[in-house]
Amino acid sequence: MSFVEVENVSKSFGDNVVLRNVTLEVAEHEVVCLIGASGSGKSTLLRCINLLEPIDEGRIVVDGDLITNGKVDANAIRREIGIVFQAFNLFPHMTVLQNVTLAPRRVRNLRRGEAEASARELLRRIGLEDKAAEYPDRLSGGQQQRVAIVRALAMQPKLMLLDEITSALDPQLVSEVLNLVRELADFGMTMIIATHEMSFAREVASKVCFLDGGVILEEGDAKDIFSAPSEPRTREFLARIIEAGRL
Amino acid sequence: MHALHRVLQAFVSPQSFRLALPDVWAGFQVNIKMMFLAEALVLVLALGVAIIRGLPGRSAAPLRGAAIVYTDLFRGTPLILVAFLVGFGLPGLQLRVISTQTTFVYGVAALTLVYTAYVTEVYRAGIESVHPSQSSAARSLGLSYFQALRYVVVPQAVRRVIPPLLNDFIGLQKDTALITVIGVAEAAQQAQNFSNTYYNFTSYVVAAVFFIFLTIPLARFTDHLIAVRERKERAAAI
C-alpha cells in the first residue's frame, strides 16, 4: 500500500488552474522527485499535501488517513509532515535553538530541557551545534536551510516535503544541503522533493515525475526519464536544462 | 517696551510661576496616572481588537465587523466628544457600577476607547507586515492559528510597530489635558483655576512646561529606536 496517495487532485487560484487531475503514489521510504518548469505546479502540490492549500477536487491519503475531507484536524496532520521551503522561512526573532525547539515544545508538549537536548543532538549531526545561540541572520544560506531541515526533523515527521530547497542558495552552498538530504534518503525517510537539481534527482529519486501545466505528464524511474523520456515536452524541458549546464 | 513687559507679565511672570507651581504639579500627577493607566489598557486591548480584525473564516465575520465598526467610530469621533459622552452620559444612565465611577475613571475610559482604536490600526499594520511565509512555516510545524500568532507573528509585529506606537502615546499624553472638560482636577484644570483667580496666564505655561518635559524624552527615545532600526536594515542589505 502506498504511504501517500494523491488522487485526481485539482486546484485553482481564481481562473488560474495550477493542478489538473494529479494522481501520484509514494511508497514508504521512497524518494519521489518532482521536476518541471517554474509554475508547473510542483510547489502547490506539496503545499496541498501539507494542507497549507485546500484542494478543489480529488483526495489525498497519508499513512492510511484521508486528510482532505475537511473533517480532520489539520494541525494533527501537519505535525506528522515536515516541509522545507525555498526561502528557509526561519523565525528571525528566535535563535537557532529556539527555532528548532518551538514546535516540539508547543505542539508535542516536550519539556524545554528534553526538547533542547534532542535539538542539540540534531544540530551536532549537521555540524551546527556551535550556532545554537545565534540568530538566523548570522548564518549563511546553506546553514539556514540546514537548520530549517532540522527544525522539520525535530518533529519526527513520517514524511518530508522539500520545496526547491536549494533554489535560493549560492552554488557553492548547494552541496552541503543536498548532502543532508542524501543522508535522510539513506536513512529511509519518505520524501517528495520539488527540485531543479537534475543530477541530484537522478541520484536519489526512486521515481521522477515531470509536471507541465499542472499535469503529471510523465513519471517513472529516474534513469528512464532522464535517458529516454517518452513525452516531447519532457525532452524539450531536459534539453533546455542540459543547455543551461544543469545536468 | 510697554507691550513686551505686559506679555512677559501675563505669560512668564516668575512670581506667578512660583505661585502656580504646586497646584499645577499636583494636577499634573493626575495626568501621569491617567496616561499610564490608559496606555497599559490600550496596549492590551488594541492587540485584542487587531487580532479579532484579522480572524480568518466566514464564521468570524460578525466579530471582524464589530471590530471594524469600533475602530471606525472611535477614530472618527473627537476625543472631547467621547469624554462628554462617557463622563456625562454614563452617570446620567443611573445604572449600577457604570454610572457611579469617579470622573478620573471616566477620563481614563474615554482615552482608552479612542486610543485603542488608533493603536489597533498600528498593530494591524504590524501583523500584516509579517510575511505570510512566516505563518505558513509555523503552521506547517503543526502550530495552531493562535500558536502561530502568539509565538511567531505577534512578536515580530510588535517589534516593528514600537516607534509608531510610541508616537501615538505622545499624543495620548497630551490629550490627557482634554479630560479637564469633564471636571478632572488635572494640570490644565488647575492652571485654569489659577488663571481665573489671578487673571494671569503663567499657570498655563507651567502646565505646558510639564508636558514638554514629559514628551521630549519619549520623542528622543522613539527617534533613537527608528535610527537603530534603520542602521540594522542598512547593514542587512549590504
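First to last, the sequence lines map onto chains D and R. Numbering of the first sequence is given in the numbering used here, commencing with residue 6 and proceeding in unit increments. Numbering of the second sequence is given in the numbering used here, commencing with residue 5 and proceeding in unit increments. Every residue, glycine too, gets a C-beta built ideally from N, C-alpha and C. In this text the structure is predicted, and so the values were computed from the model without any measurement.
Query	Result
Environment of I247(D) [buried if 16+ CB atoms lie within 10 Å]	exposed
Straight-line Cα distance separating A210(D) from R52(D)	20 Å
First through last residue of the beta strand (DSSP E) which encompasses M165(D)	L164 to D168
4-residue-minimum alpha helix (DSSP H) runs that sit fully inside the stretch 27-84 of chain R, ordered along the chain	65-80
Where the stretch 112-124 of chain D meets chain R: residues whose CB sits under 9 Å from a CB there	V112 and R113
Residues bridged to M196(D) (per DSSP)	V36(D) and M165(D)
Test: L229(R) CB closer than 7 Å to a CB of chain D	no
Environment of Q33(R) [buried if 16+ CB atoms lie within 10 Å]	exposed
From D61(D), A32(D) and N55(D), residue whose alpha carbon lies closest to that of N21(D)	D61(D)
Distance, D179(R) Cα to I84(R) Cα	9 Å
Inter-residue CB distance, R79(R) and A114(R) (contact presumed, cutoff 8 Å)	That belief does not hold up - the Cβ atoms of R79(R) and A114(R) are roughly 14 Å apart, past 8 Å.
Chain-ordered chain D contacts of S137(R) [CB-CB under 8 Å]	F90, A92 and N94
The alpha helix (DSSP H) enclosing R296(D), as first and last residue numbers	Because chain D is modelled from 6 through 252, residue 296(D) falls outside the range shown and cannot be assessed.
Residues of its chain near H6(R), where Cβ-Cβ distance is below 7 Å and the 5 sequence neighbours each way are ignored	none
Candidates G69(R), E234(R), E43(R) and Q194(R), of which the one nearest L25(R) by Cα	Q194(R)
Contact set between N55(D) and chain R, taken where Cβ atoms lie within less than 8 Å	S144
Sequence-distant residues of its chain with Cβ nearer than 7 Å to F34(D) (five each side left out)	Contrary to the premise, residue 34(D) reads as His rather than Phe in this sequence. These residues qualify, in order along the chain: G193 and T195.
Validate contact between the stretch 91-107 of chain D and the stretch 131-138 of chain D using beta carbons, cut 8 Å, 3 pairs	yes
Residues of the stretch 97-111 of chain D whose Cβ lies closer than 8 Å to any Cβ of chain R, in chain order	P97, H98, L107, A108 and R111
Under 7 Å between C-beta atoms of L41(R) and V112(R)	yes
R83(D) at chain R interface by Cβ criterion, 7 Å	yes
Beta-carbon proximity check, L24(D) vs T49(D), cutoff 7 Å	yes
Where the beta strand (DSSP E) containing F215(D) begins and where it ends	K212 to D217
Proximity test, Cβ basis, 7 Å: P167(R) and chain D	no
Short-range partners of chain R found in the stretch 58-84 of chain D, where Cβ spacing is below 9 Å	A79, N80, A81, I82, R83 and R84
Neighbour-count burial assignment, N26(D), 16 or more Cβ in a 10 Å radius	exposed
Where M160(D) meets chain R, residues with beta-carbon distance less than 9 Å	L145 and G146
Secondary structure of K16(D), DSSP reduced to three states	strand
Bridge-paired residues (DSSP) for I82(D)	None, per the DSSP bridge assignment.
Beta-carbon neighbours of Q160(R), restricted to chain D and to distances below 9 Å	F96, P97 and H98
Sequence-distant residues of its chain with Cβ nearer than 7 Å to T73(D) (five each side left out)	I60, R64 and I65
Straight-line Cα distance separating I216(R) from T81(R)	26 Å
Alpha helix (DSSP H) segments (min. 4 residues) lying fully within the stretch 89-165 of chain R	107-133, 136-144 and 149-152
Assumed close pair F88(R), I183(R) - CB separation to whole angstroms, cut-off 8 Å	In fact, because the Cβ distance is near 11 Å, the residues do not count as touching under 8 Å.
Which listed residue (N35(R), E43(R), T107(R) and Y127(R)) has its alpha carbon closest to that of I56(R)	Y127(R)
Helix, strand or coil at D135(D) [DSSP, three-state]	helix
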